[in-house]
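Protein chains: 2
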Amino acid sequence: MQTLSQLPVYRDRHLTLLTDLYQLTMMYGQFCAGRHEERVVFDLFYRQNPCGNGYVIAAGLEQAAWYLSHLHFTDEDLAYLRSLQMFSEAFLDHLKDFRFSGDLYAVPEGTVVFPNEPIIRVEGPVLEVQLIESAILSFVNHQSLIATKARRIVEAAETNFRRPGSPVIEMGLRRAQNIDASVFGARAAFIGGCVATSNVMAAESYNLPVVGTQAHSWIQSFSSELESFRGYADAFPDDTVLLVDTYDVLRSGVPNAIIVGKELAAKGHQLKGIRIDSGDLAYLSKRARQMLDAAGLTETAIVASSDLDEYTIRDLVTQGAEIDTWGVGTHLITSSECPALGCVYKLVAEEVDGRLEPRIKVSENPSKVTNPGKKKLLRLYVEDHAVADLITLWDEVYDPNEELELFDPIHTYKRKVISNYKIEELLIPVFIAGKLVYDLPDIATIQKRVEEQLKYFSSEVLRHLKPHEYHVDLSQQLWDLKQTLLRQWQKS
Amino acid sequence: MQTLSQLPVYRDRHLTLLTDLYQLTMMYGQFCAGRHEERVVFDLFYRQNPCGNGYVIAAGLEQAAWYLSHLHFTDEDLAYLRSLQMFSEAFLDHLKDFRFSGDLYAVPEGTVVFPNEPIIRVEGPVLEVQLIESAILSFVNHQSLIATKARRIVEAAETNFRRPGSPVIEMGLRRAQNIDASVFGARAAFIGGCVATSNVMAAESYNLPVVGTQAHSWIQSFSSELESFRGYADAFPDDTVLLVDTYDVLRSGVPNAIIVGKELAAKGHQLKGIRIDSGDLAYLSKRARQMLDAAGLTETAIVASSDLDEYTIRDLVTQGAEIDTWGVGTHLITSSECPALGCVYKLVAEEVDGRLEPRIKVSENPSKVTNPGKKKLLRLYVEDHAVADLITLWDEVYDPNEELELFDPIHTYKRKVISNYKIEELLIPVFIAGKLVYDLPDIATIQKRVEEQLKYFSSEVLRHLKPHEYHVDLSQQLWDLKQTLLRQWQKS
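The listed protein sequences derive, respectively, from chains A and B.
In terms of the UniProt record's numbering, the first sequence opens at residue 1 and continues consecutively.
In terms of the UniProt record's numbering, the second sequence opens at residue 1 and continues consecutively.
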């Protein structure tokens with residue numbers, strides 16, 4: 001964790017009190033009842049995909065790992081808790097030695113996940129497992145949301161068959177919901193497929209490519225647009241992208257950019273690009289492309305920005321907009337269409353007399369009934385195609401050479417038999433007995449994992465609008481256990 | 001600033017690189033051109049109210065003040081910038097002594113503001129005024145947005161004439177867009193009128209009331225709901241709010257709460273409340289109130305939570321829901337309906353030969369044409385009623401004993417003469433020559449300012465849906481200047 005702690009975004013931060021008060025009151029209640037050492041198992045999962053997407057890209061584990069590794073109560077924390085006059089000295093004294101000593105299993109960041117799947121499973125003394133709920137939910141909810149939104153935007157840009165793979169740049173700092181939202185948001189955007197950020201702090205923290213040119217104020221601060229372009233090209237002859245919409249894109253901006261492009265060419269440089277930040281991007285980009293090409297600046301790229309999201313980008317692409325790079329701000333960094341992912345963290349098992357007993361949370365709303373017990377999450381592949389995910393009890397063993405009958409956990413008549421399948425166990429050990437045992441991958445590796453994962457799913461599941469629902473089934477044992485517990489509850 | 005720096009949320013943070021790269025490239029461009037000492041004036045303002053509201057509550061100034069007071073480039077910052085291979089050593093060397101030396105005027109936090117009004121005005125060397133844009137926008141955009149959203153929610157709860165002033169508690173940590181969004185969001189929610197937060201770190205940072213009871217997992221971890229309620233009441237006999245919806249609100253939760261309430265009463269305590277977190281809150285709260293009252297627990301409050309926002313709260317209130325306290329999470333902490341406020345930061349004047357010259361940003365979109373020049377923002381009152389805001393040039397002087405003719409800056413035939421009015425100058429000095437000269441008020445004072453300010457506005461302006469547009473006018477001098485600059489631009 002040495003390296004992580006050096007990241008500017010983490011350095012010297014202390015987050016132990018980043019929790020909801022009810023975690024502390026429950027911890028105190030357990031302590032008063034002498035039950036604080038009891039082992040419990042909690043699952044972290046979400047119930048509904050955001051933005052109408054068919055899946056979520058899991059992210060935020062690195063932040064959770066940093067947080068768990070550094071968890072401890074300082075004297076100042078304890079003084080504050082004492083000031084609330086809610087807790088006994090014995091409890092506060094107990095917190096002095098608090099460390100996370102539990103086990104945490106998680107899907108690697110960049111994993112494609114689906115509703116109701118355990119993304120993280122935590123097991124340990126109830127005091128510890130309770131405290132961490134709020135912070136870990138915030139990290140995973142935020143980063144998974146932005147990674148997923150970024151993926152949608154990147155895919156919209158990639159549908160541009162005329163310019164395959166037009167890259168997307170994250171540039172939302174000024175509209176982000178404060179500092180961490182911008183920095184961890186830029187990280188998540190990169191995981192989702194963005195190629196760069198404008199946020200210098202995020203770039204430094206995560207070694208991301210960082211890009212940026214000039215704002216309208218730069219243009220305004222010169223006596224003419226042409227002079228402002230020349231001034232910028234002087235400072236960055238090999239990295240000049242000129243903002244052409246301060247006065248009039250086609251009558252002033254592009255003609256002036258062409259003058260500077262030719263001047264740069266005469267000195268052995270090349271005008272890297274122009275940026276259009278307002279107006280009708282389809283019309284303006286097509287006309288600008290013609291003008292640049294006619295002037296011989298065929299390699300000068302067109303960058304577009306201006307309130308873009310996946311829907312606008314897809315429409316512009318469909319209309320043949322000549323846009324090489326997309327700069328996306330507000331809608332990406334806030335996931336404006338759906339600014340929260342609803343991951344929850346639920347008790348699924350509890351130690352009684354040395355044995356883990358499954359627990360279920362019942363609700364009037366059937367979709368809110370939890371899957372009980374300590375579990376595993378398996379992804380089943382047939383011929384390199386992900387056919388279903390299977391949630392099983394943690395000690396179940398499957399032989400992929402035997403036939404396996406899968407069934408829908410609600411409409412159980414829907415059944416399917418598979419054979420010769422491959423199993424990927426998605427929950428991997430991250431902390432064992434409080435020790436970080438997982439080698440946190442770098443962000444490029446995580447981004448690559450997303451790309452590779454998505455290849456295994458059918459395009460129907462990956463569709464942006466009304467995607468096909470991927471199969472997430474329960475094993476027969478887990479399904480039986482759930483029914484048994486539900487019947488017990490009905491009788492009680 | 002001593003105190004501010006001690007706040008847990010600020011402690012030891014270093015944010016100088018929290019900026020968009022283009023600020024640094026423009027700074028470098030200015031430096032290369034030898035223009036980096038030129039004085040400029042920038043205005044921070046927004047163009048459109050969020051969530052269909054009629055105004056915005058300005059917030060985030062404290063964070064901006066902390067940021068500006070601590071701005072400097074460390075060796076590590078410079079090493080990172082050097083690694084980008086974009087900047088000369090002379091420039092990096094120049095940054096070593098970088099401090100904010102400018103003037104900053106701002107409306108106090110908690111001020112009610114309107115579209116196109118300068119909320120912050122910054123004047124200083126272009127190098128400094130440029131760097132700070134991205135961070136300050138993020139702080140002000142985020143906190144103003146959440147304060148405004150909170151105000152809407154608090155007002156919805158306050159329309160409950162049967163229970164006037166039912167308080168709203170902020171409890172969105174787990175759905176916040178990462179750490180700062182939760183902490184500064186809780187601060188902004190309090191400014192908007194929330195009475196407490198569940199977020200311990202926010203409460204410690206800003207000395208906010210902090211509340212919380214138990215989660216479903218607490219209930220599940222006991223052999224019965226009744227035992228779980230007793231366990232909690234044992235730990236907090238005078239501060240017990242029981243979560244009654246784990247199994248069945250009316251058949252199990254409320255009856256068990258009544259048992260514990262009577263047991264507490266027998267010991268001289270009082271059951272503080274019950275919380276309903278799912279189901280139909282109108283029906284359940286009314287039935288629960290009847291049951292509690294019938295059992296003599298008339299002072300036991302009903303707390304409701306469950307995906308609430310201002311619209312749901314208002315509907316529930318209209319239906320006579322018996323809810324005493326509202327816990328609001330996702331929709332408040334993300335302002336889910338509209339998760340970004342669009343403040344911008346625009347050049348309005350620039351020093352040429354020792355004199356400030358006004359600058360205008362023209363756009364094809366008339367609403368995006370800026371108001372040029374260094375300006376003041378005046379609020380005009382007639383008989384304790386705010387009648388209009390007037391944006392003037394900074395050196396204009398008005399005599400409130402003389403008649404003043406106001407006119408709509410677009411539809412100029414709409415005119416109105418006022419007399420015997422009072423003037424409030426809204427932009428006050430915060431930094432002068434880089435020195436913090438403003439005594440930052442505490443959060444309770446800011447919250448109170450919101451309440452007091454709103455009294456001066458008509459209910460039509462304060463309405464949540466389709467509010468009346470408050471008059472924001474330009475002075476004749478400013479209007480004339482704008483027209484002159486627009487004509488000059490058309491001719492050029």
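Even glycine gets a Cβ: it sits at the ideal position worked out from N, Cα and C.
query: Partners in chain A for Pro339 (chain B), counting only beta-carbon separations shorter than 8 Å; result: Gln177, Thr334, Ser335, Ser336 and Pro339
query: Pro467 (chain A) in three-state terms, based on DSSP; result: coil
query: Beta-carbon contacts of Arg379 (chain B) that lie in its chain and below 7 Å, excluding the five residues immediately before and after; result: Ala386, Asp389, Glu424 and Leu426
query: Spatially closest choice to residue 498 (chain B) from A:Asp473, A:Phe42 and A:Tyr470, by CA coordinates; result: Given a span of 1 to 492 for chain B in the structure shown, any question on residue 498 (chain B) remains unanswerable.
query: Inside the region 225-261 of chain A only - alpha helix (DSSP H) runs reaching at least 4 residues; result: 225-235
query: Whole-angstrom distance between Tyr10 (chain B) and Thr334 (chain A), CA atom to CA atom; result: 23 Å
query: Classification of Asn401 (chain B) by the beta-carbon crowding that lies within 10 angstroms, buried from 16 upward; result: exposed
query: CB contact flag (Glu109 (chain A), Glu170 (chain A), <8 Å); result: no
query: Residues of the region 209-231 of chain B with Cβ closer than 8 Å to any Cβ of chain A, in chain order; result: Val210, Val211, Gly212, Thr213, Gln214, Ala215, His216, Ser217, Trp218, Gln220, Ser221 and Gly231
query: Counted within 10 angstroms of its Cβ, other Cβ atoms place Ala186 (chain B) as buried (16 or more) or exposed; result: buried
query: Assigned secondary structure, Leu208 (chain B) (DSSP; H/G/I helix, E/B strand, else coil); result: coil
query: Complete runs of the beta strand (DSSP E) confined to the region 338-406 of chain A [at least 3 residues]; result: 344-352, 355-358, 375-382 and 385-393
query: The region 282-296 of chain B: positions lying closer than 8 Å to chain A by Cβ; result: none
query: Alpha-carbon to alpha-carbon, Lys374 (chain A) and Tyr438 (chain A); result: 20 Å
query: Neighbour flag for Glu204 (chain B) against chain A, beta carbons, 8 Å; result: yes
query: Chain-order list of residues whose beta-carbon lies under 6 Å from that of Gln2 (chain A) (same chain, five-residue window excluded); result: Legend: pLDDT at Gln2 (chain A) = 40, less than 50; position of this residue unreliable, no value from coordinates given.
query: Burial state of Glu405 (chain B) (16 or more Cβ within 10 Å); result: exposed
query: Those residues which DSSP pairs with Leu104 (chain A) across a bridge; result: A:Val122 and A:Phe431
query: Chain B contact for Val244 (chain A) (CB, 8 Å cutoff); result: no
query: CA-to-CA distance, Pro125 (chain B) to Glu38 (chain B), given in whole angstroms; result: 5 Å
query: Check: Ala444 (chain A) C-beta below 7 Å from any heavy atom of the ligand MN; result: This structure does not include the ligand MN; it has no bound ligands of any sort.
query: Partner residues on chain B for Cys32 (chain A), Cβ-Cβ distance less than 7 Å; result: Asp234 and Ala235
query: Cβ-based burial, Ile323 (chain A) [other Cβ within 10 Å; buried from 16]; result: buried
query: Which residues DSSP lists as bridging Asp43 (chain B), in chain order; result: B:Arg121 and B:Lys346
query: Whole-Å CB distance - Val195 (chain A) paired with Pro209 (chain A), under 8 Å assumed; result: 6 Å
query: Exposed unless 16 or more other CB atoms sit within 10 angstroms - verdict on Lys482 (chain B); result: buried
query: Test: Glu128 (chain B) CB closer than 8 Å to a CB of chain A; result: no
query: Alpha-carbon to alpha-carbon, Phe407 (chain A) and Lys414 (chain A); result: 6 Å
query: Residues sharing a beta bridge with Gln424 (chain B), DSSP; result: Note that residue 424 (chain B) is Glu in the sequence shown here, rather than Gln. Glu424 (chain B) pairs with B:Arg379.
query: Whether Leu297 (chain B) touches Gly261 (chain B) by CB criterion (8 Å); result: yes
query: Where the beta strand (DSSP E) containing Leu474 (chain B) begins and where it ends; result: Val472 to Leu474
query: Residues bridged to Trp479 (chain B) (per DSSP); result: Paired residue(s): none; Trp479 (chain B) is not in a bridge.
query: Assumed close pair Ser198 (chain B), Asn365 (chain A) - CB separation to whole angstroms, cut-off 8 Å; result: Ser198 (chain B) to Asn365 (chain A), Cβ: 23 Å. No contact.
query: Thr392 (chain A) classed as buried or exposed, judged by whether at least 16 other C-beta atoms fall within 10 angstroms; result: buried
query: Cutoff 8 Å: Phe184 (chain B) Cβ touching any chain A Cβ; result: yes
query: Sub-8 Å separation of Leu78 (chain A) and Leu68 (chain A) beta-carbons; result: no
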